[in-house]
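These notes concern the structure reproduced below.
There are 4 protein chains.
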Amino acid sequence: MSLSRRLAAEALGTGLLLAAIVGSGIMGEKLAGGNVAIALLANTAATGAMLVTLIFTFGPISGAHFNPAVTLAIASQRGIGWGDVPVYILAQVLGALLGVGAAHLMFGEAVFQVSEHARDGGAQLFSEFVATFGLLCVIWGCTRLRSEAVPVAVGLYITGAYWFTASTSFANPAVTLARAFTDTFSGIRPIDAPGFILAQIFGAFTATVLFHWLVPSLPSETNTLVLPHSQARHE
Amino acid sequence: MSLSRRLAAEALGTGLLLAAIVGSGIMGEKLAGGNVAIALLANTAATGAMLVTLIFTFGPISGAHFNPAVTLAIASQRGIGWGDVPVYILAQVLGALLGVGAAHLMFGEAVFQVSEHARDGGAQLFSEFVATFGLLCVIWGCTRLRSEAVPVAVGLYITGAYWFTASTSFANPAVTLARAFTDTFSGIRPIDAPGFILAQIFGAFTATVLFHWLVPSLPSETNTLVLPHSQARHE
Amino acid sequence: MSLSRRLAAEALGTGLLLAAIVGSGIMGEKLAGGNVAIALLANTAATGAMLVTLIFTFGPISGAHFNPAVTLAIASQRGIGWGDVPVYILAQVLGALLGVGAAHLMFGEAVFQVSEHARDGGAQLFSEFVATFGLLCVIWGCTRLRSEAVPVAVGLYITGAYWFTASTSFANPAVTLARAFTDTFSGIRPIDAPGFILAQIFGAFTATVLFHWLVPSLPSETNTLVLPHSQARHE
Amino acid sequence: MSLSRRLAAEALGTGLLLAAIVGSGIMGEKLAGGNVAIALLANTAATGAMLVTLIFTFGPISGAHFNPAVTLAIASQRGIGWGDVPVYILAQVLGALLGVGAAHLMFGEAVFQVSEHARDGGAQLFSEFVATFGLLCVIWGCTRLRSEAVPVAVGLYITGAYWFTASTSFANPAVTLARAFTDTFSGIRPIDAPGFILAQIFGAFTATVLFHWLVPSLPSETNTLVLPHSQARHE
Numbered sequence: 001m002s003l004s005r006r007l008a009a010e011a012l013g014t015g016l017l018l019a020a021i022v023g024s025g026i027m028g029e030k031l032a033g034g035n036v037a038i039a040l041l042a043n044t045a046a047t048g049a050m051l052v053t054l055i056f057t058f059g060p061i062s063g064a065h066f067n068p069a070v071t072l073a074i075a076s077q078r079g080i081g082w083g084d085v086p087v088y089i090l091a092q093v094l095g096a097l098l099g100v101g102a103a104h105l106m107f108g109e110a111v112f113q114v115s116e117h118a119r120d121g122g123a124q125l126f127s128e129f130v131a132t133f134g135l136l137c138v139i140w141g142c143t144r145l146r147s148e149a150v151p152v153a154v155g156l157y158i159t160g161a162y163w164f165t166a167s168t169s170f171a172n173p174a175v176t177l178a179r180a181f182t183d184t185f186s187g188i189r190p191i192d193a194p195g196f197i198l199a200q201i202f203g204a205f206t207a208t209v210l211f212h213w214l215v216p217s218l219p220s221e222t223n224t225l226v227l228p229h230s231q232a233r234h235e
Numbered sequence: 236m237s238l239s240r241r242l243a244a245e246a247l248g249t250g251l252l253l254a255a256i257v258g259s260g261i262m263g264e265k266l267a268g269g270n271v272a273i274a275l276l277a278n279t280a281a282t283g284a285m286l287v288t289l290i291f292t293f294g295p296i297s298g299a300h301f302n303p304a305v306t307l308a309i310a311s312q313r314g315i316g317w318g319d320v321p322v323y324i325l326a327q328v329l330g331a332l333l334g335v336g337a338a339h340l341m342f343g344e345a346v347f348q349v350s351e352h353a354r355d356g357g358a359q360l361f362s363e364f365v366a367t368f369g370l371l372c373v374i375w376g377c378t379r380l381r382s383e384a385v386p387v388a389v390g391l392y393i394t395g396a397y398w399f400t401a402s403t404s405f406a407n408p409a410v411t412l413a414r415a416f417t418d419t420f421s422g423i424r425p426i427d428a429p430g431f432i433l434a435q436i437f438g439a440f441t442a443t444v445l446f447h448w449l450v451p452s453l454p455s456e457t458n459t460l461v462l463p464h465s466q467a468r469h470e
Numbered sequence: 471m472s473l474s475r476r477l478a479a480e481a482l483g484t485g486l487l488l489a490a491i492v493g494s495g496i497m498g499e500k501l502a503g504g505n506v507a508i509a510l511l512a513n514t515a516a517t518g519a520m521l522v523t524l525i526f527t528f529g530p531i532s533g534a535h536f537n538p539a540v541t542l543a544i545a546s547q548r549g550i551g552w553g554d555v556p557v558y559i560l561a562q563v564l565g566a567l568l569g570v571g572a573a574h575l576m577f578g579e580a581v582f583q584v585s586e587h588a589r590d591g592g593a594q595l596f597s598e599f600v601a602t603f604g605l606l607c608v609i610w611g612c613t614r615l616r617s618e619a620v621p622v623a624v625g626l627y628i629t630g631a632y633w634f635t636a637s638t639s640f641a642n643p644a645v646t647l648a649r650a651f652t653d654t655f656s657g658i659r660p661i662d663a664p665g666f667i668l669a670q671i672f673g674a675f676t677a678t679v680l681f682h683w684l685v686p687s688l689p690s691e692t693n694t695l696v697l698p699h700s701q702a703r704h705e
Numbered sequence: 706m707s708l709s710r711r712l713a714a715e716a717l718g719t720g721l722l723l724a725a726i727v728g729s730g731i732m733g734e735k736l737a738g739g740n741v742a743i744a745l746l747a748n749t750a751a752t753g754a755m756l757v758t759l760i761f762t763f764g765p766i767s768g769a770h771f772n773p774a775v776t777l778a779i780a781s782q783r784g785i786g787w788g789d790v791p792v793y794i795l796a797q798v799l800g801a802l803l804g805v806g807a808a809h810l811m812f813g814e815a816v817f818q819v820s821e822h823a824r825d826g827g828a829q830l831f832s833e834f835v836a837t838f839g840l841l842c843v844i845w846g847c848t849r850l851r852s853e854a855v856p857v858a859v860g861l862y863i864t865g866a867y868w869f870t871a872s873t874s875f876a877n878p879a880v881t882l883a884r885a886f887t888d889t890f891s892g893i894r895p896i897d898a899p900g901f902i903l904a905q906i907f908g909a910f911t912a913t914v915l916f917h918w919l920v921p922s923l924p925s926e927t928n929t930l931v932l933p934h935s936q937a938r939h940e
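This is the structure we're talking about:
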């Protein structure tokens, strides 16, 4: 796959993911009659379902990272070249912003907004650390040993993590940044975003170091096993 | 597969899909005690689950389009002959109408009704564009690169799209037409249907053009890769 | 597999299925605070999930019919011998009754009860016809063309059918009979059971005739394709 | 895989499982506005989803038991050596306690608590017997005949069992022990834990004896078939 196609896939996939997160949050809150658990159940179902389907759709093109923390972790294991990392992250962030704008347009809201949803304190940061640590455990465990399970495993992981972390598991710096631009159910105050992003990167780093020991890939298999998109292409 | 069998499969599958959409909407609204989010969760679960199972069931016979926008998009890529398109669409529309009638009979309602459920305005139309654009992204991405994932990917896509689009994602001209004939939870005023259908076709067209560039199929593979039903038959 | 093992698998699987249906109905109604939609969502999730897992578990042993209408339909296509049919049905009914009793014991209820839950009228009977017709469409479509999808397809079908039929889709004579013995959420008055059972058998028969035409199996493949359990055994 | 890696996988997987159970219980109860069914639906979705994803992730490393009753049952069929059993159980219990502590930290609660949630009486004990009996039926049925289905089958089984057993299906001695240390939604009084654990071990034993007869594995296949993790490793 050419780089331009891979970047288009990353931007489009991340955009549809953000449209799903923000849009279903708006719809859920609007219809749930004040019961936040019901709104979050709808938000969870939409996000988890879309993650599975988007990874199926774009995985064979770009690897379906949709997440700078994932891109950095994969680059650290030579899954993609470091030279591709900045443009991957740029595509993810631009796509995420477009997705937020599209969600707002679909619901007749202002295209970009500034969130006033406070998400701060140590418990929130620890939640983001755990959320992204767990996400990378799932990715490394499945990618190296059972790569056909990645789409379902990642989607179900986020379905669970929406509920078992106090922060509802952003677990993604591009998602965090973009959600600062919506003042709806799924928003986060811009001032709280940097802490979330640091905690996410630290969580991703910790899981990557751990799985580097836990699943020592055979050297001859590394190139194909760690690269989900090229692997899928050659099947 | 003979054409008559393929048309029977399209009609029967689209019929069961509409019975599921309309029937679960009636049941959901009846039992949810006024909480629209709970009614829509039930409607979503039934629709998403039935889509997966119907594509598994009828995919190997007719391709399981159940959707004129999908049939047109696949014909534009030579996945089925243009000569089959009008009868495919006719079978889908007739099946959809029968499904709505069957749902009404099961719930003791008048067999055909005229909906008074207004769904208009630019945000609704943009929602239908996004919904069908996303649906065709999923279909093209999975059909060309990972066709065994199509049933689950499409079912999960609609599960998500019910919540992240303001229109609850009709994304299907035959479904739109048929839902004008039910004055229950899932209905749409006849006057709003043409706009929905145009937005859907425009969304499907946009995604098809995009994926024509994004995933340039090898010419020698086109005939089998683009045709899910013949591919499945030869496995 | 010996006949005794196959009958034990049918009885045990049908028993666990009934325990799931009746038990989750009791739990759902107890916790839902009067919102019937929430109770039925819980009932649906438990039933659908258990069906998938029970067919995975017992399918390779007995075929995982758990349903006299399915056993009759498969026998009509020579999937199992007619001589096995009466003992299969007996095992299913005994297992179903044990499952109802086990559910009652788990919730501290009288072991057997007589239901007073009225489910009568033409709309209910038509619902059971549609429910069982659809179930057999799914079974025949998937068994003949994509048999590895049967567990998920059947579980998702029932997940949908709980909501889109007015009768909540019993679709199974053994289940119907056993549910007459519980006066809880999922019960049915004994007087309403025979009509349900006739409608179910008529629905199963109609789908079987239709798919006999729709998917003319190659004669040489019939023996293995129609027999899910022996097929699985030889994989 | 070295023993240290397998123990790390058991501890980490069981820890993430407990974080999911306890964390989603806290979140569900906090947001559900007093409707226990909605809280339990969220708790169920998170637990079931995480079980599937954790078995995909850690299954190829350690077998993904996460459960002393499962480890004992597998050892009884020579799936792992008896010498590994004590350290497996120790890793599971330590991981479970860490997971409870992590969930409490994420929600700003005291790290360890003593539960006051009474779960006693014969109906509760019978529920745990049934819950663990069913779990081991699923594991033995799928492991011996269709091992690739284990992650989904186990996750869906627990999804169902949360609702059809009166005890919400702990079905796991390490989980039971750890849940005595949380005084939140998912807790259990320490005094009720030993009865639960005995009922669980008795249920696991009964299912194992039954499946030893029901699915007589061919001797030559036993070593690989019963050992899910080594099987996966050699694929």
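Residue numbers (my numbering), protein chains in the order written: chain Y, 1 to 235; chain W, 236 to 470; chain Z, 471 to 705; chain U, 706 to 940. Heads up, the beta-carbon is just placed ideally off N, CA and C, and yes, glycines get one too. No experiment lies behind these values; they were computed from the predicted model shown.
- Nearest CB-CB separation between Z/Thr523 and chain U: below the 9 Å threshold.
- Z/Glu586 counts as exposed, since fewer than 16 other C-beta atoms from the protein chains shown sit within 10 angstroms of its C-beta.
- With a threshold of 16 other beta carbon atoms within 10 Å, Y/Pro68 meets it and is buried.
- Contact annotation: the region 729 to 738 of chain U touches the region 748 to 761 of chain U, with at least three C-beta pairs closer than 8 Å.
- For the 9 Å CB-CB criterion, Y/Ala199 and Y/Ala161 do not form a contact.
- DSSP assignment within the region 54 to 141 of chain Y yields the following whole alpha helix (DSSP H) runs of 4 residues or more, N-terminal first: 68 to 76, 85 to 106.
- Judged by DSSP in its simplified three-state form, W/Pro451 adopts coil rather than helix or strand.
- Look at U/Asp888 here: in three-state DSSP terms it is coil, with no helix or strand label.
- Taking 8 Å as the cut-off between beta carbons, the residues of the region 799 to 815 of chain U near chain Y are Ala807, Ala808, Leu810, Met811, Phe812, Gly813, in sequence order.
- With a contact defined as Cβ atoms closer than 8 Å, U/Gly800 and U/Glu734 miss out at about 24 Å.
- A distance of 9 Å or more separates the beta carbons of U/Val880 and U/Ile760.
- The beta-carbon of W/Phe347 is placed no less than 9 Å from the nearest beta-carbon of chain Y.
- At least 9 Å separates the beta-carbon of U/Gly892 from that of Y/Ala123.
- Judged by pairs of C-beta atoms under 8 Å, the region 538 to 548 of chain Z does not touch the region 301 to 317 of chain W, as fewer than three such pairs exist.
- Among the residues facing chain Y, U/Thr762 is included, as its CB has a counterpart in that chain under 9 Å away.
- Pairwise C-beta distances place the region 899 to 918 of chain U in contact with the region 830 to 850 of chain U, as three or more of them are shorter than 8 Å.
- Interface residue (Cβ-Cβ distance to chain W less than 9 Å): Y/Ser147 is not classified as such.
- At the C-beta level, Z/Phe651 and Z/Gln583 come within 9 Å of one another.
- Z/Phe640 sits in coil when the DSSP states are folded into three classes, being neither helix nor strand.
- Listed along chain W are Leu449, each with a C-beta nearer than 7 Å to that of Y/Arg5.
- If the five residues before and after Y/Leu145 are omitted, its C-beta is found closer than 7 Å to the C-beta atoms of Val215, all from its own chain and listed in chain order.
- Within 10 angstroms of the beta-carbon of W/Ser237 lie fewer than 16 other beta-carbons, which makes it exposed.
- Of all residues in the region 627 to 658 of chain Z, the ones placed with a Cβ closer than 9 Å to any Cβ belonging to chain W are Tyr627, Ile628, Thr629, Gly630, Ala631, Tyr632, Trp633, Phe634, Thr635, Ala636, Ser637, Thr638, in chain order.
- Membership of Y/Pro151 in the alpha helix (DSSP H) is indicated by the continuous run 150 to 164.
- Taking 9 Å as the cut-off, the Cβ atoms of U/Met811 and Y/Phe66 do not count as close.
- Taking W/Asp355 as the centre and dropping the five residues before and after it, the same chain places the C-beta of Asp427 closer than 6 Å to its C-beta, in chain order.
- By the neighbour-count definition (other C-beta atoms within 10 Å, threshold 16), Z/Gly504 is an exposed residue.
- It is roughly 10 Å from the alpha-carbon of W/Arg240 to the alpha-carbon of Z/Phe681.
- What Z/Pro530 touches in chain U, judged by beta-carbon distance under 7 Å, is Leu850, Arg851, going in chain order.
- Chain U has no Cβ within less than 9 Å of the Cβ of Z/Ala481.
- In the structure shown, W/Asn270 adopts coil according to DSSP, grouped into three states.
- Take the alpha-carbon of Z/Ala512 and the one of W/Phe293: they are about 29 Å apart.
- Using a 10 angstroms sphere on the CB of U/Val914, the tally of other CB atoms stays under 16, which defines it as exposed.
- Within 9 Å of the CB of Z/Asn505, the CB atoms of chain W belong to Leu266, Ala267, Gly268, Asn270, Ile273, in sequence order along the chain.
- Your pair Y/Leu17 and Y/Leu51 checks out as a contact, with CB atoms roughly 7 Å apart and the cut at 8 Å.
- When the five nearest sequence neighbours on each side are left out, the beta carbons in the same chain lying within less than 6 Å of the beta carbon of W/Ala413 are those of Leu253, Ala331, Leu332, Val335, in order along the chain.
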